[in-house]
Amino acid sequence: MDSQIPSRPCWVEIRTRSFENNFRFLASVAAPHAELLAIVKANAYGHSLELCAPAAVRAGAQWLGVTSVEEGVAARALCADAQILVISGAFAGEGADVVRHKLTTVAWEPWQLDELENAARAQGAEAGSISVHLEIDTGMSRQGADLDGLTPLLTRFGAGSPLKLDGVMTHLFAADEADGAITQEQLTRLASGLEQVGAAGVHAEWLDVGNSAALLSGQAAAIGGIAAQFGMRVLIRPGLALYGLTPQFDPGFWASEPAALAEAHRRLEPVLSWKTRVVGVRSVPAGAVVGYNGTFVATEPMRLALLAVGYADGLDRRLGNRFSLLVRGQRAPLVGRISMDQAVLDVTEIPGVEAGDEVVVLGTQGDETITAFDHAEVAGTIPWEVFTRIGPRVARIAI
Ligand SMILES: *Cc1c(COP(=O)(O)O)cnc(C)c1O
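The opening position of the sequence shown corresponds to residue 612 in the numbering used here, with each subsequent residue numbered one higher.
Structure follows, in structure tokens:
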């Protein structure tokens, strides 16, 4: 494995077996009400599509979710038989790749259906051979058709059209919030949308709803109940939980934590570790200033370790002087500003630190662990952004 570590020592290790275990655990939570679509968009949340898409398939995933047609084409090259859902839809000019690579796109605008139809006809596709998931906006106001605008879209799936309505999709935008009232309202709107689909004489096989928070807060049964009324099967779309993080819910959300969530805390395994090495160690006298603009001043004679990681690798600048990384199994504070390609740790209290020592930026070393939630809290963001900002120059290595 060491041979794969780039000569500049800043890399990410991906434990694909943990990703597979997480998929299997989450599938058991969804069953028997729902199946899973593994969200591998944005380079698998920065964990590498190349490593994670095949791992999802090995664990039993039949569906993968990507952002764009470009990612869909990349996923198809890795997973010949998976169903691949392009969740942000196809753009003008992308229909040909959708048809050629047998992608399923989410659609909610007439022009998106035009794009697919034209490409299908150009390639001589048979009637009903191009699968579409029609998104209904049930309250997020992001993407999706309005409930009162479904009819003209539904007429596009008639006999003779190359398009097939394979699924109806919506996104639950507050499954981690309040008392579940918003989600309840969204599901009510969804059911009324499905009535319209049925009334138009169209049948979709899949009802495609919800993220990690929806799954772990126990929504699968409610969604399954709606799907059963319409003879549909449910797909739930976890992302974050597949990568080993349990979503955090509003405090006071639960009278008592549901069993699935308590088990998720025990069973989900982090997939990614981000590491670097000590480049060198120097001793400085009291009064020495560290880094750009001297925002840190040594309060005593100190030992400082230089690291090969900076904000161009995705280490948030807001962590400077406010966060610790792991070396020799202990937490060492980041001192001074984080530079583009480097950062400095105070290792005064940690004996023996020397050039070449492995430093954990995110992950576990000895008894200590740093999570993406820890980074996010100090950087003022969310774990999704921490993961997806790990830069492309940081090698992803399967372990
Ligand atoms: C990203 C995304 C998900 C996954 O969300 P998590 O909170 O990471 O589980 C599910 N559905 C859609 C439409 C998404 O864009």
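Glycine residues also receive a C-beta, built at the ideal position from the N, C-alpha and C atoms.
Only a predicted model underlies this, so the values are computations on that prediction, with no experimental measurement involved.
**Prompt:** Three-state secondary structure (DSSP) at Lys652?
**Reply:** Numbered from its first residue, the sequence shown carries residue 652 at position 41. Lys652: helix per DSSP, three-state reduction.
**Request:** Decide yes or no for the touch test of the stretch 924-938 against the stretch 976-991: beta carbon pairs closer than 8 angstroms, at least 3 of them.
**Result:** yes
**Request:** Tell me whether Met612 sits in a helix, a strand or coil according to DSSP, three-state version.
**Result:** Working through the sequence shown from its first residue, we reach residue 612 at position 1. Annotation note: pLDDT 45 at Met612 (below 50); position unreliable, no value reported.
**Prompt:** Where does the unbroken beta strand (DSSP E) through Pro944 begin, and where does it stop?
**Reply:** Walking along the sequence shown from the start, residue 944 turns up at place 333. Element bounds for Pro944: Gln941 to Pro944.
**Request:** Taking Leu765 as the reference, give the member of Gln754, Ser752, Val779 and Arg753 with the closest Cα.
**Result:** Position 154 of the sequence shown, counting from 1, holds the residue named residue 765. If we check each option's Cα against that of Leu765, Val779 comes out closest.
**Request:** Give me whichever residues DSSP pairs with Phe907 in a beta bridge.
**Result:** Position 296 of the sequence shown, counted from the first residue, corresponds to residue 907. In DSSP, Phe907 forms a bridge with Val901.
**Message:** Can you confirm whether the stretch 915-928 touches the stretch 943-959 when touching is taken to mean that 3 or more C-beta pairs between the two stretches lie within less than 8 angstroms?
**Reply:** yes
**Asked** With DSSP run on the structure shown, which of helix, strand or coil describes His986?
**Response** The count along the sequence shown starts at 1 and reaches residue 986 at position 375. Here His986 sits in helix by DSSP.
**Prompt:** The alpha helix (DSSP H) with Ser639 in it runs from where to where?
**Reply:** Looking up residue 639 in the sequence shown gives position 28. That run of the alpha helix (DSSP H) goes Thr627 to Ala641.
**Asked** Would the stretch 622-633 and the stretch 877-893 be scored as touching if the rule is three or more Cβ pairs under 8 angstroms?
**Response** Short answer: they touch.
**Asked** Taking 7 angstroms as the cut-off, is the CB of Pro1092 close to at least one heavy atom of ligand 1?
**Response** Lying outside 612 to 1010, the shown extent of the chain, residue 1092 is not represented and no answer is given.
**Request:** Pick helix, strand or coil for Arg767, following the three-state DSSP scheme.
**Result:** Along the sequence shown, read from residue 1 onward, the residue named residue 767 stands at position 156. Arg767 falls in the helix class under three-state DSSP.
**Request:** Could you tell me whether any non-hydrogen atom of ligand 3 is closer than 7 angstroms to the CB of His782?
**Result:** For the structure depicted, ligand 3 is absent and the ligand set comprises only ligand 1.
**Request:** Output yes or no for whether 8 angstroms exceeds the beta carbon distance between Leu609 and Trp719.
**Result:** Since the first residue of the chain shown is 612 and the last is 1010, residue 609 is not available in this structure.
**Request:** Would you tell me roughly how many angstroms separate the C-alpha atoms of Ala736 and Gln840, rounded to the nearest one?
**Result:** The residue given as residue 736 occupies position 125 in the sequence shown. The residue given as residue 840 occupies position 229 in the sequence shown. When rounded, the distance between both Cα atoms is 32 angstroms.
**Asked** Going along the chain, which residues of its own chain have a beta-carbon closer than 7 angstroms to the beta-carbon of Gly821, five neighbours each way excluded?
**Response** In the sequence shown, residue 821 corresponds to position 210, counting from 1. Hits under 7 angstroms: Leu783, Ala786, Gln830, Ile834, Ile847 and Arg848.
**Request:** For the beta strand (DSSP E) holding Arg878, just list the boundary residues, first then last.
**Result:** Position 267 of the sequence shown, counting from 1, holds the residue named residue 878. Per DSSP, Arg878 belongs to no beta strand (DSSP E); it is in the alpha helix (DSSP H), Ala870 to Arg878.
**Prompt:** In chain order, what residues of the same chain have a beta carbon less than 7 angstroms from the beta carbon of Ala701, not counting five sequence neighbours either side?
**Reply:** The sequence position of residue 701 within the sequence shown is 90, counting from 1. Taken in chain order, the residues that qualify are Val680, Val709, Thr716, Gln723, Glu726 and Leu727.
**Asked** When the Cα atoms are used, what is the spatial distance from His814 to Asp759?
**Response** Taking the sequence shown and counting its residues from 1, one reaches residue 814 at position 203. Taking the sequence shown and counting its residues from 1, one reaches residue 759 at position 148. Cα to Cα, the separation comes out at about 19 angstroms.
**Asked** In terms of alpha-carbon separation, which member of Arg942, Leu926, Glu960 and Asp957 lies closest to Thr999?
**Response** For the purposes of this step, residue 999 is taken as the residue at position 388 of the sequence shown. Comparing Cα-Cα distances from Thr999 to each of Arg942, Leu926, Glu960 and Asp957, the minimum goes to Leu926.
**Asked** What does Arg619 pair with, by DSSP beta-bridge criteria?
**Response** Residue numbering aside, residue 619 sits at position 8 when the sequence shown is read from its first letter. For Arg619, which the question treats as bridged, DSSP gives no partner whatsoever.
**Asked** Sorry if obvious, but does the Cβ on Lys713 come closer than 7 angstroms to a heavy atom of ligand 1?
**Response** Taking the first residue of the sequence shown as position 1, residue 713 is located at position 102. No, since every heavy atom of ligand 1 falls outside the 7 angstroms radius drawn around the Cβ of Lys713.
**Item:** Leu915 - containing beta strand (DSSP E), residue span
**Value:** Translated into the one-based positions of the sequence shown, residue 915 becomes position 304. It spans Met913 to Leu918 - the beta strand (DSSP E) in which Leu915 sits, taken as one unbroken run.
**Rounded separation between Val892 and Ala1009 - CA only** = Reading the sequence shown from its first residue, position 281 is the one you call residue 892. Reading the sequence shown from its first residue, position 398 is the one you call residue 1009. One C-alpha to the other measures close to 30 angstroms.
**Asked** Hey, Glu969 and Arg888 are a contact pair by Cβ (cut 8 angstroms); roughly how many whole angstroms apart?
**Response** In the sequence shown, counting from the first residue as 1, residue 969 sits at position 358. In the sequence shown, counting from the first residue as 1, residue 888 sits at position 277. Yes, they are in contact, since the Cβ atoms of Glu969 and Arg888 sit about 6 angstroms apart, within 8 angstroms.
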